[in-house]
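**Q**
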Amino acid sequence: MIFLRAVLFSIPRHLVIILALTAIQNFDFHPLPLWTAIAVTYFFQWVITWFFAEWTFWHRLPRFKEMLMVFCIFLVMGTLIEVSYVSFLIRVDWWKIFTSVLQWDRLYLVATYFLAVSIAAFHVRRRHVKAKLPEGLESC
Amino acid sequence: MEGRATSVSKASLTLLGTIIGAGVFGLPALFSYVGFWPGTLLFWFLAGIMLLTHVYLVEIILAFRKKMRLAGYAREVLGKRGFIMASITYPGQIIGVNLIYIILGGAFLSMLGHGIGLHQPLVFWQLLFWAIGGAIVLSGFKFLATFETIATWFLIGSMVVVIGLSTGSWNIRALSYADWSHFFVPFGVFLFSLFGVSVISEIVELSGRNREKAFRAVTIGTLGAALLSWAFGVSLYLAVGRVGRDPFDLISALPSSWSWLLPVFGILAIITSFVTTAEDLKQTFHFDFHLRPRASWLLALFIPLLLFITQRDFLSTVDFVGTVFGGLNCLLVIFIALKLFAHRRKKSPAPVVWSFAGSIVLLLVFMIGILHKFLYQPLV
């Protein structure tokens, strides 16, 4: 079921990221320097990915393998949605857009997603473990 | 006495709240297509027909002690063939309704998004609506369904406000327009906007399985919903004039400071209904077709999405779902009622003659409506 949830949740996740990026583009950061806009962009992507990862893991105790699987699904589905959407908008060949997004600076984004998914998995795991502890041991 | 009033009013309000939904947003366009008088005549004729169908369904439900879906009654009375037909038409209607929710919910999201400067194509918002709705369904957040009644009431409240606000821009001269040659074109959309078959068993339970109370609740609920829907359709037609296929057109009936009203309450009402109907569809696949839960989820979420890829026009979808699936489900109710009345007539002939004659009239109306749509008139 976690596979199905991850696949399905990756769709609203990426659509919400597109909306957030559109909103940031409309926002005037002046007189703040450019790097603040980039930082806000990464922060939004982190928060949205973390939220949807938490939602994906919500009912279960996530294992390391499951965390990796969710991260990979988010990454692959996100790339597919982004490339398909841009291809739909500007009517350019899908493969051309796909090759154009494969750049080294995208690794920062991959790291952001990994961080968000792993923190979400850790947080959900801790919540489940805490809930199972006998009374009086929650603070341990 | 107080308890009696409470149960009837609660039952009729539940029916009214369920009938009023996505279908009302198609009414102004159809009134604009055929004109005020032909539209009003057909609308109230169909309101009477739907009222009679709901009353017959009450009779069917009361004839059995066990609570069932339409397919269950079809199996009990009509046998295997009836069950197979209901197993196709009932899920077909829910799938169609979910498709309509995706189209309309996305349109409302798009209106709000454009309002706050988030410009994306309409299809983006429709996919976002489906994806968020699907994620909520998959999470099993059933608490959202409890907000359905509240959200529907907000929608009804906002409809009343919209009717009031639009009176300022009414063009009374539009009343004189009439196109009698297309009199039957709104059949599907009108039928869809008056359809309440899926909730009648709940109304009977709320009325304490008392025939008189259930009849009264069904009459008040169906006619109340018809009155509100008709007023909404007519007032927006008079305010906007030539209403197009796009739900966006309706916003122009409102003052600009109030243009957020319809999309906000529309989304609230539709997302909660989407969650409920998707859950219902999943249960239909799981219980009626004996599919595994995971496969049921996948089918419940992805069949409407696959249909969405091929069909994205709000009005023609409402028309098709209303005429074909709405009409066929009503036909099933009539067939079940006919057999039930024929069985009763053997025991006591006198009181059921009117029911038998009424069934034949209803049967003819639904058959003519469906055949007319396919043979003589292109879908709107």
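Just so you know, the sequences run in chain order A and B.
One rule links them: number in the numbering used here = place in the first sequence (from 1) + 817.
One rule links them: number in the numbering used here = place in the second sequence (from 1) + 1.
Just so it is clear, CB atoms sit at the ideal spot from N, CA and C, and this is done for glycine as well.
Using the beta-carbon of each residue, which ones in chain B are nearer than 9 Å to A/L836?
**A** Stepping through the first sequence from its first residue, residue 836 of chain A is reached at position 19. Here the neighbours are G114, L119, Q121, F125 and L129.
**Q** What is the residue span of the alpha helix (DSSP H) that B/I89 lies within?
**A** Here residue 89 of chain B is taken as the residue at index 88 of the second sequence, counted from 1. Where B/I89 is concerned, the enclosing alpha helix (DSSP H) stretches over K81 to G116.
**Q** At a CB-CB cut-off below 9 Å, which residues of chain A make contact with B/S170?
**A** Indexing the second sequence from 1 puts residue 170 of chain B at position 169. Simply none; closest approach about 32 Å.
**Q** Near B/S297, which residues of its chain fall below 6 Å by C-beta distance, leaving aside the five closest residues on each side in sequence?
**A** Stepping through the second sequence from its first residue, residue 297 of chain B is reached at position 296. Counting only Cβ-Cβ distances below 6 Å, and skipping sequence neighbours, we find K283, F286 and H287.
**Q** Using a 10 Å radius around the Cβ and a threshold of 16 neighbouring Cβ atoms, would you call A/Y859 buried or exposed?
**A** Residue mapping note: residue 859 of chain A aligns to position 42 of the first sequence, counting from 1. Answer is exposed; the Cβ neighbour count stays below 16.
**Q** For a cutoff of 9 Å on Cβ pairs, would you count A/R822 as touching chain B?
**A** For the purposes of this step, residue 822 of chain A is identified with residue 5 of the first sequence, where counting begins at 1. Taking Cβ atoms only, chain B reaches closer than 9 Å to A/R822, which makes this a yes.
**Q** Does B/K374 pass the burial test, meaning 16 or more other C-beta atoms within 10 Å, or should it be called exposed?
**A** Working through the second sequence from its first residue, we reach residue 374 of chain B at position 373. Buried, by the Cβ-count rule.
**Q** Can you pull the chain A residues whose beta carbon is under 7 Å from the beta carbon of B/A132, in chain order?
**A** Within the second sequence, residue 132 of chain B is the residue found at index 131, counting from 1. Within chain A, the residues near B/A132 are I828, P829 and L832.
**Q** At what residues does the alpha helix (DSSP H) containing A/H831 begin and finish?
**A** Counting from 1 along the first sequence, the entry for residue 831 of chain A is found at position 14. Taken as a continuous stretch (DSSP letters only), the alpha helix (DSSP H) holding A/H831 covers I819 to N843.
**Q** Between the segment 301-322 of chain B and chain A, which residues of the former have a C-beta closer than 8 Å to a C-beta of the latter?
**A** Hits within the stretch, in order: L302.
**Q** Quick check: what's the CA-CA separation for B/G242 versus B/T168?
**A** The sequence position of residue 242 of chain B within the second sequence is 241, counting from 1. The sequence position of residue 168 of chain B within the second sequence is 167, counting from 1. Roughly 13 Å between the two C-alpha positions.
**Q** Would you kindly check if the distance between the Cβ of B/G359 and the Cβ of B/Y57 is under 9 Å?
**A** On the second sequence, residue 57 of chain B is found 56 positions in, with the first residue counted as 1. On the second sequence, residue 359 of chain B is found 358 positions in, with the first residue counted as 1. Yes, Cβ-Cβ distance for B/Y57 and B/G359 is below 9 Å.
**Q** Tell me, please, whether the CB atom of A/L906 is closer than 9 Å to any CB atom in chain B?
**A** The count along the first sequence starts at 1 and reaches residue 906 of chain A at position 89. Answer yes: the Cβ-Cβ gap between A/L906 and chain B drops below 9 Å somewhere.
**Q** Is there a C-beta anywhere in chain A that falls below 9 Å from the one on B/L299?
**A** Reading the second sequence from its first residue, position 298 is the one you call residue 299 of chain B. It does: the Cβ of B/L299 has a partner Cβ on chain A nearer than 9 Å.
**Q** Mapping the DSSP letters down to three states, classify B/G36 as helix, strand or coil.
**A** Translated into the one-based positions of the second sequence, residue 36 of chain B becomes position 35. Strand.
**Q** For the alpha helix (DSSP H) that contains B/P1, what are its first and last residues?
**A** The first residue shown for chain B is 2 and the last is 381, placing residue 1 of chain B beyond what the model contains.
**Q** Who are the neighbours of A/L825 on chain B, taking C-beta pairs under 8 Å?
**A** Residue mapping note: residue 825 of chain A aligns to position 8 of the first sequence, counting from 1. What A/L825 touches in chain B: A132, G135, A136, L139 and L302.
**Q** Looking at the C-beta of A/T896, does it have a partner C-beta in chain B at a distance below 9 Å?
**A** On the first sequence, position 79 is the one that residue 896 of chain A refers to. No - not a single Cβ of chain B is within 9 Å of the one on A/T896.
**Q** Pull up the CB-CB distance for B/P29 and B/L251, whole angstroms please, since I reckon it's below 8 Å.
**A** Looking up residue 29 of chain B in the second sequence gives position 28. Looking up residue 251 of chain B in the second sequence gives position 250. Yes, they are in contact, since the Cβ atoms of B/P29 and B/L251 sit about 6 Å apart, within 8 Å.
**Q** If contact is defined by three or more beta carbon pairs under 8 Å, each pair taking one atom from either stretch, is the segment 325-337 of chain B in contact with the segment 112-126 of chain B?
**A** Short answer: they don't touch.
**Q** Keeping to the same chain, check which residues put their C-beta closer than 6 Å to that of B/A87; ignore five residues upstream and five downstream.
**A** Residue numbering aside, residue 87 of chain B sits at position 86 when the second sequence is read from its first letter. Only L71, A72, A75 and L333 meet the Cβ criterion.
**Q** Starting from the Cα of A/T866, find the closest Cα among A/A928, A/P848 and A/W852 and give me that residue.
**A** Looking up residue 866 of chain A in the first sequence gives position 49. When only C-alpha atoms are compared, the closest one is A/A928.
**Q** Have a look at A/W911 and A/V893 and give me their C-alpha separation to the nearest angstrom.
**A** Within the first sequence, numbered from 1, the residue matching residue 911 of chain A stands at position 94. Within the first sequence, numbered from 1, the residue matching residue 893 of chain A stands at position 76. Their backbone Cα atoms lie some 15 Å apart in a straight line.
**Q** Opposite B/A179 in the DSSP bridges: which residues?
**A** Taking the first residue of the second sequence as position 1, residue 179 of chain B is located at position 178. B/G36.
**Q** Where B/I268 and B/G49 are concerned, what is the direct C-alpha to C-alpha distance, given to the nearest angstrom?
**A** Indexing the second sequence from 1 puts residue 268 of chain B at position 267. Indexing the second sequence from 1 puts residue 49 of chain B at position 48. Near 30 Å, if we compare the C-alpha coordinates of B/G49 and B/I268.
**Q** So what's B/H373 in DSSP terms, helix, strand or just coil?
**A** Residue numbering aside, residue 373 of chain B sits at position 372 when the second sequence is read from its first letter. B/H373 falls in the helix class under three-state DSSP.
**Q** Could you tell me which of B/L47, B/L17, B/T19 and B/F37 sits nearest to B/V362, measuring between CA atoms?
**A** The residue labelled residue 362 of chain B in the question sits at position 361 within the second sequence. It is B/L47.
**Q** Among A/N843, A/W872 and A/F905, whose alpha-carbon lies nearest the alpha-carbon of A/F826?
**A** For the purposes of this step, residue 826 of chain A is identified with residue 9 of the first sequence, where counting begins at 1. Among A/N843, A/W872 and A/F905, the Cα nearest to that of A/F826 is on A/W872.
**Q** At 4 residues or longer, and completely inside the segment 907-957 of chain A: list those alpha helix (DSSP H) runs for me, N to C.
**A** Listed in chain order, the complete alpha helix (DSSP H) runs (minimum 4 residues) inside the segment 907-957 of chain A are 911-918 and 923-949.
**Q** Could you give the residue range of the alpha helix (DSSP H) that holds A/T858?
**A** As a first step, residue 858 of chain A is located in the first sequence; it is residue number 41 there, counting from the start. Where A/T858 is concerned, the enclosing alpha helix (DSSP H) stretches over L851 to F874.
**Q** Which runs of the beta strand (DSSP E) at least 3 residues long sit entirely within the segment 211-288 of chain B? Give them in chain order.
**A** As far as the segment 211-288 of chain B is concerned, it has no whole beta strand (DSSP E) run of at least 3 residues.
**Q** Should B/I95 and B/T278 be called a contact, given that it needs their Cβ atoms to be closer than 9 Å?
**A** Here the question's residue 95 of chain B lines up with position 94 in the second sequence. Here the question's residue 278 of chain B lines up with position 277 in the second sequence. Yes, these two residues count as a Cβ contact at 9 Å.
**Q** Going along chain B in order, which residues have a C-beta closer than 7 Å to the C-beta of A/M884?
**A** Within the first sequence, residue 884 of chain A is the residue found at index 67, counting from 1. Ordered by position in chain B, no residue passes the 7 Å Cβ test against A/M884, which lies about 19 Å from the chain.
**Q** I want to see whether chain B comes within less than 9 Å of A/T916, judged by CB atoms only; does it?
**A** Locating residue 916 of chain A in the first sequence gives position 99, counting from the first residue. No, A/T916 does not count as interfacial toward chain B.
**Q** Note down, in chain order, every chain B residue with its Cβ under 7 Å from the Cβ of A/A937.
**A** Within the first sequence, the letter at position 120 stands for residue 937 of chain A. Those do not exist, as A/A937 stays about 15 Å from chain B at its closest Cβ, beyond 7 Å.
**Q** Within the continuous alpha helix (DSSP H) that includes B/I201, where are the two ends?
**A** The sequence position of residue 201 of chain B within the second sequence is 200, counting from 1. Counting along the chain, the alpha helix (DSSP H) containing B/I201 begins and ends at I201 to L207.
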